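**Student:** Chains as they are written, first to last, in the working numbering: chain A, 1 to 356; chain B, 357 to 636; chain C, 637 to 822.
Pasting a structure below so you can have a look.
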Amino acid sequence: MGYVAVKGGTKAIQASVDMYKNKKYIPGMEISAEHVKANMNQLINQVMSEASLYDRELASHAIKQAEGNMEEAVFLLRAHRSTLPRLYYSTVTNTREMFVERRVSASFKDIPGGQILGASPDFTHRLLDDSVTYGSEETEGDIPPDYNYELNNLPKVIDYLESEGLFTKEPEDNSTPDDITKRSIEFPSSRSERLQSLTRGQTGAVTSLGYVEIRGYGYSSHPNIGEVRVGQQPVHIDPAGDGDAYYIGDVELTEVEAFMPADEAETAGERAHEKTFKIGYGLTFGQNETKTIAMSVLDYSLSHPAEASPTADDEFVLLHIDSVESTGFISHLKLPHYVTFQSVLDRVRQTKGGRD
Amino acid sequence: MKQNYAFLDENSKKEIRRKTLKAIAIPGYQVPFASRELPIARGWGTGGLQLTLSLVGQSDTVKVIDQGSDESVNAVNIRKLIQDTTDVQDTIYTDAATLIQSRHRIPEVPLKPYQILVLQVPLPEPLRPVEPSERITKMLHADREYSGAWLRLFEQIMKYGSITDDADYPVLVNGRYVMAPSPIPRFDNPKMENNDGLILLGAGREKKIYAVPPYTKVTPLAFEDYPFEVESFDGITCRESGLTGVYMDELVNEETGETYYVTNDTSYMLEEMNKEGSVR
Amino acid sequence: MTTMVHNTQKHYRELVDLFSRPGEVRISTFDIPNFTNFPDAVLATVLTLFDNEITFYTQDQKNPGEFQTLTGGQFSENLSEADYVVVKEHELTEDVMRSLKTGTLGSPEKSATLIIEVDSIGEGRKYSLKGPGIKTANEIEMTFDPKWMIHRMELCSEFPLGIDMILIDRRNQLTVIPRTTITEVE
């Protein structure tokens, strides 16, 4: 008999890739990554945050290449991230130095430095509007406010609570964080592992679980948002470790401090029956306010676990919110599994045939 | 965009390499590793692929199979990524490969000394069906507390009259660690025992690397009166090649409705068919 | 083309073979400017495994700086913290052996790898090796004092706890004795 060769897969896969890549663009309608960058700011923020990679150009490119598919865009950036050497950790940064573009407090009507509404869709009416245009005129936000504070040195609401003795600041921990992308997360998790998992988490997943926590399965009550601030945070590195740090640029961050009224720790003896404020913290790349608030809720629930609450279980929360992991595992189910299914058939038939 | 040799940056490879050596030194123990995202989806073989990319070099010949076939779309896709980033030689012949990446099968041709078989692992924790929490399963392994795994098999016998675990049947490695052999059929479990090559297992999403070194004891969990059983292909002959005693795919003839069987390991089947004086 | 990428890959594969087959011997051909006072094969092993995520310990004064500059690895004076301990045989002491970390039952991989320069592999005391990776028994001769091997057996007596050893001689020959190997002096 003649020579038999394997065939099939290579051709099929090439044809499928060709079909996918050979998109039927309408002439003149193709957009460039620059167009994405100029128009899809909020999408870029979400992609950068979930990808753990701060680069607006690359994020725009990923969004274009993924045809706007969130999970694909994040996936592209994450895969690219795997090819980049990571040589330094930034020095400890203080968000009191953030150049604030927007900050609101839900807890106090008037806060030192004032509420700064900035640019936000919060108070737009969500009416589909086919006449959205881009303004070229100067708006009020372009004019620096005339007051006694500097925007890169605004006090924090938390400072007020502390000065009133209502909040005890945790001792500062400036040790190098555990980087879960360099060493895998271990349980029980450290706070830095939790914060990193949450900030990379899929926006929808983090928001859902944050909602679970406050709606009925954990804290089951509102946190009070002390402050949401969005702005440009300067980043420095200190390669020689001699305190001689270099400024390498700004990243846009969203930061949330949520106040949770809680019992004073039992160890405080006589004061055990007093209430105090505990804090939940959220910090993400770009403007991602909902996700960051949800993150602060989950930071709290994981650091102060309530009994039998799923959102107090670090494995339950942190191992299931990663976009690349959850979408990858779910989608792999469409891969062929006929070897294992044959094994299942064998066992099912065995039980049908019985055993004497 | 410019790509690194074997895709990953060198520091990522170093971490995978350090963990792999530990895995070989502690047979059957799941070593946690950071696990990088790859251009192939998590759950589609990124654990195996990270191992392969950390191992592969210019003098290698690579074979990639999925479901026993070199031409399965996922195998083609993974091989393409390896070759696009390394230009390494490939083969379909188990015997000619230095490095074999596989999903769900150990080839029919026995491994040779110095060959490396990399298995893709979706769920590396053999105790997961009895315990959802990672910190607890880690403790159970530490304490060598495997009564849950045994009890599970016992309960299957009570309920169904036989052990119903199908593929990914748990094994005890070097008398110490209960290990998930990846979803290979039970038919392939005995190939792990005391074999000549090195078997590395990688779970990308679950971030674990583990290993079965050559000449290591690998025993499926079973009871004396309910021994370990492989899938039965008794009396079944491959319709294409006439082979018997190999793992088969069960197929249905669309026209006649008749069930027939074909050798699952396609490259082995071809090799046998192309031999002088083959069965067919 | 032979670049660092390919050299370290090749060296790593030698290590993979050696870890999987305890007692086998390979010669490293890794060629690199070497300003340490260790053989090239030791430096090759360091370059292959070290980066800024690991801590190492070594005794001679000039080596730490060289290892650190080349790999970003962190030098630790505290032996019991070190992931990798790089020493010459004559620098071994009971204290050194006793300080090595052997991991925990939950995380046995958090243990030290000992990289030891010996005078010669191929001549010296004869050791017989058994365990995973060895078909029946492997024999190896090397100038390695049996008392260190006894210390090693003690550290490895509670598997999975233990240390793994990479032994390298002045002619750049390497052999590996992982924690699973049972050694006997003949």
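Every residue gets a Cβ at the ideal spot worked out from N, C-alpha and C, and that includes glycine.
If you're wondering where the values come from, they're calculated on a predicted model, not measured in any experiment.
How long is the line joining the alpha carbons of Ser107(A) and Tyr217(A), rounded to whole angstroms?
**Tutor:** In the first sequence, residue 107(A) corresponds to position 107, counting from 1. In the first sequence, residue 217(A) corresponds to position 217, counting from 1. If you take the alpha carbons of Ser107(A) and Tyr217(A), they lie about 24 Å apart.
**Student:** Assign Ser189(A) to one of three DSSP states: helix, strand, or coil.
**Tutor:** Along the first sequence, one-based indexing puts residue 189(A) at 189. In this structure, Ser189(A) counts as coil in the three-state DSSP scheme.
**Student:** With a threshold of 8 Å between beta-carbons, can Ile13(A) be considered close to chain B, or not?
**Tutor:** Counting from 1 along the first sequence, the entry for residue 13(A) is found at position 13. Yes, because at least one Cβ of chain B sits closer than 8 Å to the Cβ of Ile13(A).
**Student:** Does any residue of chain C bring its CB to less than 8 Å from the CB of Gly591(B)?
**Tutor:** Looking up residue 591(B) in the second sequence gives position 235. Chain C contact via Cβ: absent.
**Student:** Counting only C-beta atoms, is Ala381(B) closer than 8 Å to chain C at any point?
**Tutor:** Stepping through the second sequence from its first residue, residue 381(B) is reached at position 25. With 8 Å as the cut-off, Ala381(B) counts as an interface residue toward chain C.
**Student:** Tell me the rounded alpha-carbon separation between Leu536(B) and Leu577(B).
**Tutor:** The count along the second sequence starts at 1 and reaches residue 536(B) at position 180. The count along the second sequence starts at 1 and reaches residue 577(B) at position 221. The residue you asked about is not Leu; residue 536(B) is Ala in the sequence shown. Answer to the nearest angstrom: the Cα atoms are 11 Å apart.
**Student:** Assuming contact is defined by CB atoms lying nearer than 8 Å, are Val812(C) and Leu411(B) in contact in what I supplied?
**Tutor:** To locate residue 812(C), count along the third sequence from 1; it is residue 176. To locate residue 411(B), count along the second sequence from 1; it is residue 55. Taking 8 Å as the Cβ cut-off, Val812(C) and Leu411(B) do not qualify as a contacting pair.
**Student:** What's the gap between the Cα of Thr91(A) and the Cα of Met260(A)?
**Tutor:** Locating residue 91(A) in the first sequence gives position 91, counting from the first residue. Locating residue 260(A) in the first sequence gives position 260, counting from the first residue. Their backbone Cα atoms lie some 29 Å apart in a straight line.
**Student:** Helix, strand or coil, according to DSSP, for Gln710(C) in the structure here?
**Tutor:** Mapped onto the third sequence, residue 710(C) falls at position 74. Looking at Gln710(C) - three-state DSSP - the assignment turns out to be strand.
**Student:** Could you check the C-alpha separation between Asp395(A) and Ile26(A) for me, to the nearest Å?
**Tutor:** Not covered by the structure: residue 395(A). The range shown for chain A is 1 to 356.
**Student:** Bridge partners for Asn620(B) per DSSP, in chain order?
**Tutor:** The residue you call residue 620(B) lines up with position 264 of the second sequence. Partner(s): none; Asn620(B) has no beta bridge.
**Student:** How big is the Cα-Cα spacing for Pro336(A) and Glu610(B)?
**Tutor:** In the first sequence, counting from the first residue as 1, residue 336(A) sits at position 336. In the second sequence, counting from the first residue as 1, residue 610(B) sits at position 254. Distance between the alpha carbons of Pro336(A) and Glu610(B) is about 20 Å.
**Student:** What I want to know is whether the C-beta of Glu255(A) ends up closer than 7 Å to one or more non-hydrogen atoms of the ligand GDP.
**Tutor:** Looking at this structure, you won't find the ligand GDP or any other ligand, since it has none at all.
**Student:** So what's Phe75(A) in DSSP terms, helix, strand or just coil?
**Tutor:** For this step, residue 75(A) is matched to residue 75 along the first sequence. DSSP places Phe75(A) in helix when its eight states are reduced to three.
**Student:** To the nearest whole angstrom, what separates the beta carbons of Arg720(C) and Ile752(C), a pair I think is in contact under 8 Å?
**Tutor:** To locate residue 720(C), count along the third sequence from 1; it is residue 84. To locate residue 752(C), count along the third sequence from 1; it is residue 116. What sits at residue 720(C) in the sequence shown is Tyr, not Arg. Not a contact, Cβ separation roughly 11 Å.
**Student:** Who are the neighbours of Tyr361(B) on chain C, taking C-beta pairs under 7 Å?
**Tutor:** To locate residue 361(B), count along the second sequence from 1; it is residue 5. The contacting residues are Val641.
**Student:** I want to see whether chain C comes within less than 8 Å of Val387(B), judged by CB atoms only; does it?
**Tutor:** As a position in the second sequence, residue 387(B) is number 31, starting the count at 1. Interface residue, yes.
**Student:** Which bits of chain B does Val652(C) rub up against, with CB to CB less than 9 Å?
**Tutor:** In the third sequence, residue 652(C) corresponds to position 16, counting from 1. Residues of chain B passing the Cβ test: Arg373, Thr376, Leu377, Ile380, Leu411, Ile472, Leu554 and Leu556.
**Student:** In chain A, what lies closer than 7 Å to Tyr516(B) by C-beta?
**Tutor:** Within the second sequence, numbered from 1, the residue matching residue 516(B) stands at position 160. Going along chain A in sequence order, the residues near Tyr516(B) (Cβ under 7 Å) are Thr351.
**Student:** Nearest by alpha-carbon distance to Gly286(A): which of Ser175(A), Arg86(A) and Met98(A) is it?
**Tutor:** Here residue 286(A) is taken as the residue at index 286 of the first sequence, counted from 1. Looking at the Cα atoms, Met98(A) is the closest of the given residues.
**Student:** Less than 7 Å between C-beta atoms, sequence neighbours within five positions excluded: which residues of the same chain meet that for Leu679(C)?
**Tutor:** Here residue 679(C) is taken as the residue at index 43 of the third sequence, counted from 1. If we look at Leu679(C) and ignore the five residues flanking it on each side, its Cβ neighbours are Ile668, Asn670 and Thr672.
**Student:** Just by C-beta distance, which residues in the segment 441–453 of chain B are closer than 9 Å to chain A?
**Tutor:** Going along the segment 441–453 of chain B in chain order, one finds Ile448 with a Cβ nearer than 9 Å to chain A.
**Student:** Shortest alpha-carbon distance to Phe711(C) belongs to which of Leu797(C), Leu685(C), Lys762(C) and Thr694(C)?
**Tutor:** Here residue 711(C) is taken as the residue at index 75 of the third sequence, counted from 1. Comparing Cα-Cα distances from Phe711(C) to each of Leu797(C), Leu685(C), Lys762(C) and Thr694(C), the minimum goes to Thr694(C).
**Student:** Which of the three DSSP states is assigned to Tyr502(B) in this structure?
**Tutor:** As a position in the second sequence, residue 502(B) is number 146, starting the count at 1. Reduced to three states, the DSSP call for Tyr502(B) is coil.
**Student:** Let me check understanding here. Comparing Cα to Cα, which of Tyr54(A), Leu77(A), Glu252(A) and Ile13(A) lies closest to Glu427(B)?
**Tutor:** Looking up residue 427(B) in the second sequence gives position 71. Glu427(B) has its Cα closest to that of Ile13(A), out of Tyr54(A), Leu77(A), Glu252(A) and Ile13(A).
**Student:** Would Pro85(A) be called buried (16 or more neighbouring beta carbons within 10 Å of its own) or exposed?
**Tutor:** The sequence position of residue 85(A) within the first sequence is 85, counting from 1. Classification of Pro85(A): exposed, given that the 10 Å Cβ count is below 16.
**Student:** Compute the Euclidean distance between the alpha carbons of Asn699(C) and Phe686(C), then round it to the nearest angstrom.
**Tutor:** The residue you call residue 699(C) lines up with position 63 of the third sequence. The residue you call residue 686(C) lines up with position 50 of the third sequence. Looking at the two C-alpha atoms, the distance is approximately 14 Å.
**Student:** Which residues of chain B have a Cβ atom closer than 7 Å to the Cβ of Gln809(C), listed in chain order?
**Tutor:** Here residue 809(C) refers to the residue found at position 173 when the third sequence is read from its first residue. Those within 7 Å of Gln809(C) in chain B number zero; the least Cβ separation is about 18 Å.
**Student:** Taking only three categories from DSSP, how would you classify Asp805(C)?
**Tutor:** If you number the third sequence from 1, residue 805(C) lands on position 169. Three-state result, Asp805(C): strand.
**Student:** Does the segment 291–306 of chain A come close enough to the segment 195–208 of chain A to have 3 or more Cβ pairs within less than 8 Å?
**Tutor:** With the cut-off at 8 Å, the segment 291–306 of chain A and the segment 195–208 of chain A touch.
**Student:** Since Val534(B) is in the beta strand (DSSP E), which residue starts that stretch and which ends it?
**Tutor:** The sequence position of residue 534(B) within the second sequence is 178, counting from 1. First-last of the beta strand (DSSP E) with Val534(B): Tyr533 to Met535.
**Student:** Roughly how many angstroms lie between the CA atoms of Asn148(A) and Glu57(A), to the nearest whole one?
**Tutor:** In the first sequence, residue 148(A) corresponds to position 148, counting from 1. In the first sequence, residue 57(A) corresponds to position 57, counting from 1. Straight-line Cα distance between these residues: approximately 36 Å.
**Student:** Going straight from the alpha carbon of Val47(A) to that of Ala73(A), what length do you get?
**Tutor:** Numbered from 1 along the first sequence, position 47 holds the residue referred to as residue 47(A). Numbered from 1 along the first sequence, position 73 holds the residue referred to as residue 73(A). Going by the C-alpha atoms only, they are around 7 Å apart.
**Student:** Please name the residue or residues paired with Ala559(B) in a DSSP beta bridge.
**Tutor:** Locating residue 559(B) in the second sequence gives position 203, counting from the first residue. In DSSP, Ala559(B) forms a bridge with Lys564(B).
**Student:** Kindly list the residues whose CB is nearer than 6 Å to the CB of Ala268(A), restricted to its own chain and excluding five residues on each side of it in sequence; keep chain order.
**Tutor:** Position 268 of the first sequence holds residue 268(A). Confidence is the limiting factor: at Ala268(A) the pLDDT is only 49, short of 50, which leaves the residue's position unreliable, though a coordinate-based value still follows. Counting only Cβ-Cβ distances below 6 Å, and skipping sequence neighbours, we find nothing.
**Student:** Starting from the beta carbon of His320(A), find every residue of chain B whose beta carbon is closer than 7 Å, and list them in chain order.
**Tutor:** Locating residue 320(A) in the first sequence gives position 320, counting from the first residue. Correct list: empty, because the minimum Cβ distance to chain B is about 11 Å.
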